[in-house]
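K.L.:
Before we start, here is the structure in question, set down as structure tokens.
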Amino acid sequence: MEALLNYISQKFITIDPEYIKFSVFIFDVLKCTFLFMVCMQLVKWVIERLFKKIAISIESPERVRQVLTLKTLLMHTLRGIIFAVYVGNLLSLFGIDVRPILATAGVMGVAIGFGAKRFVEDVITGLMILVEGQIRVGDYVEIQGMKGFVEKITLNLVTVRSDVTGAIYFIRCGYIDSIMNYTMNYSFASFYFDVAYKENIDHVIHTIEHAYSILCENEEYKKLILSDIEIFGLDKFKDSSLCIRCRIKTQPKGQWTIQRAFNKIIKEQFDAENIEIPFNQVVVTNVNSAV
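The sequence shown begins at 1 in my numbering and counts up one residue at a time.
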């Protein structure tokens, strides 16, 4: 660029040297920015295509979700490196020597490293969580008493959004002692049906089985069910009722849909068979009333 402007200045018109330097500087900045944008898009395109092929070759939906989580982490890491290189080149163009900055950053990094114990713990724990596939983006989990769907996972932070309030939790990986994942491989829709003491248990179980057959007639619900209903029988003797326990194995995150649908069918079938569902009743006596 500079050689071209010098040639034009010598052969055709006189160009101020300061203008030539400024033009060269602007050209270098634009070139650097253009290459930065191209590299960012190229990394995104390569990673998207690579992980798309990997996801297609994997049969397990759970493994696919794990691969997609790793894809997001890898993309953010590579983009961060490209951005750091871009900033370094810009500083060089502005005449700022980056070598002393890098040397200072190295010394400061060593000093900070001694006091960054918790950050190192976060990174190591986060790496183990990602590699082992304990949680994936989209999983419904309970971490440190906080329930919700995983929205984002990085090496040091897990982002969970509550499905009830919509609140978002930012949980440091180093604080995670245990994880309860409700959507790993499969889920269970669990039911506890209370009936009156006068009811015939065999008749109640037969009604539950009939209700399950009605549920399976719906193709949308049937797709979510992995195995037939398990009826464990009489589970508890309560103060005013008998508890019948059962469960249905479902696809991950399908348990809530099955629970709502099956509860509705059970209510209808119990009403049709005159099976009493006990509920608390309060009797109020007015002691001041006349006898």
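Backbone N, C-alpha and C fix where the C-beta goes; we use that ideal spot for every residue, glycine too. In this text, all values refer to a predicted model and were calculated from it rather than measured experimentally.
If I follow the unbroken alpha helix (DSSP H) through residue 263, where does it start and stop?
P.N.:
255-272
K.L.:
Looking at C-alpha atoms only, which residue of 55, 253 and 97 is the closest neighbour of residue 188?
P.N.:
253
K.L.:
Compute the Euclidean distance between the alpha carbons of residue 89 and residue 133, then round it to the nearest angstrom.
P.N.:
37 Å
K.L.:
Rounding to the nearest angstrom, what Cα-Cα distance links residue 72 and residue 222 in this structure?
P.N.:
33 Å
K.L.:
Identify, in the order they occur along the chain, each residue of the same chain with its Cβ nearer than 6 Å to the Cβ of residue 122, setting aside the five sequence neighbours on each side.
P.N.:
156, 172, 173 and 174
K.L.:
With a cut-off of 8 Å, do at least 3 Cβ pairs link the segment 203-223 to the segment 148-164?
P.N.:
no
K.L.:
Just checking my contact of residue 130 with residue 70 at CB under 8 Å: how many whole Å lie between their CB atoms?
P.N.:
6 Å
K.L.:
Are the beta-carbon atoms of residue 212 and residue 201 separated by less than 7 Å?
P.N.:
no
K.L.:
Between residue 215 and residue 143, is the Cβ-Cβ spacing less than 7 Å?
P.N.:
Taking a C-beta distance under 7 Å as the contact criterion, residue 215 and residue 143 do not qualify as a contact pair.
K.L.:
Does the segment 243-252 come within contact of the segment 267-278, defined as at least 3 CB pairs closer than 8 Å?
P.N.:
no
K.L.:
Which word fits residue 164, buried or exposed, when buried means at least 16 other C-beta atoms lie within 10 angstroms of its C-beta?
P.N.:
exposed
K.L.:
Which whole-angstrom value describes the C-beta separation of residue 179 and residue 135, a residue pair presumed to lie in contact below a C-beta threshold of 8 Å?
P.N.:
At roughly 6 Å, the Cβ-Cβ gap stays under 8 Å, so residue 179 and residue 135 are in contact.
K.L.:
How many Å lie between residue 227 and residue 248 at the Cα?
P.N.:
When rounded, the distance between both Cα atoms is 7 Å.
K.L.:
Would DSSP call residue 250 helix, strand or coil?
P.N.:
strand
K.L.:
In the segment 61-96, which residue ranges form an unbroken alpha helix (DSSP H) of at least 4 residues, counting only runs that do not cross its ends?
P.N.:
61-93
K.L.:
Which residues in the same chain have their Cβ closer than 8 Å to the Cβ of residue 93, if we skip the five residues on either side of it in sequence?
P.N.:
25, 28, 29 and 32
K.L.:
Helix, strand or coil for residue 49? Go by DSSP, reduced to three states.
P.N.:
helix
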